[in-house]
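Student: Residue numbers (UniProt numbering): 1 to 70.
First the structure, which I've put down as structure tokens, then a few questions once you've had a look.
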Amino acid sequence: MKPISTEEQSVQTKFCSCPAFAYYVLNSEVRVMCKHILAVKLAFRLQKFIERSRTEEIVLAMALAGTALT
Ligand SMILES: [Zn+2]
1 MKPISTEEQS VQTKFCSCPA FAYYVLNSEV RVMCKHILAV KLAFRLQKFI
51 ERSRTEEIVL AMALAGTALT
């Protein structure tokens with residue numbers, strides 16, 4: 001496996017706001033990530049990772065609407 005680049009390290013996610021992360025990762029020592037973090041890691045390794053910028057207004061609107069920040 002190739003070493004992790006500085007760019008990949010910068011996009012590595014260590015926290016997710018989903019319920020599975022809170023329940024399975026934070027409350028147990030069995031799982032180290034949820035499916036969302038795994039998807040980010042796989043997308044980056046497969047060079048399918050797309051980083052999108054969002055304004056604070058869009059993030060706030062999504063949070064208020066209960067939309068996942070994906
Ligand atoms: Zn998650």
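All C-beta atoms, glycine included, are put in the ideal place defined by N, C-alpha and C.
Keep in mind it's a predicted model, so treat the numbers as computed, not measured.
Can you give me the Cβ contacts of Phe21 inside the same chain, cut-off strictly under 8 Å, excluding the 5 residues immediately before and after it?
Tutor: For Phe21, where only same-chain residues beyond five positions count, the Cβ hits under 8 Å are Phe15, Met33, Cys34, His36, Ile37.
Student: Identify whether Glu57 lies in helix, strand or coil by the three-state DSSP scheme.
Tutor: Here Glu57 sits in helix by DSSP.
Student: Given the structure, does Phe44 come close to ligand 1, in the sense that its CB is under 7 Å from one of the ligand's heavy atoms?
Tutor: It does not: the Cβ of Phe44 is nowhere closer than 7 Å to a heavy atom of ligand 1.
Student: How would you write the range of the alpha helix (DSSP H) that Arg45 sits in, first residue to last?
Tutor: Arg45 -> alpha helix (DSSP H) spans 35-45.
Student: Got a list of residues with beta-carbon closer than 5 Å to any non-hydrogen atom of ligand 1, in chain order?
Tutor: Selection output, chain order preserved: Cys16, Cys18, Phe21, Cys34, His36.
Student: Could you round the C-beta distance between Val25 and Arg31 to whole angstroms and report it? I think they count as a contact, below 8 Å.
Tutor: Between Arg31 and Val25 the Cβ distance is about 5 Å, and since that is below 8 Å, they are a contact.
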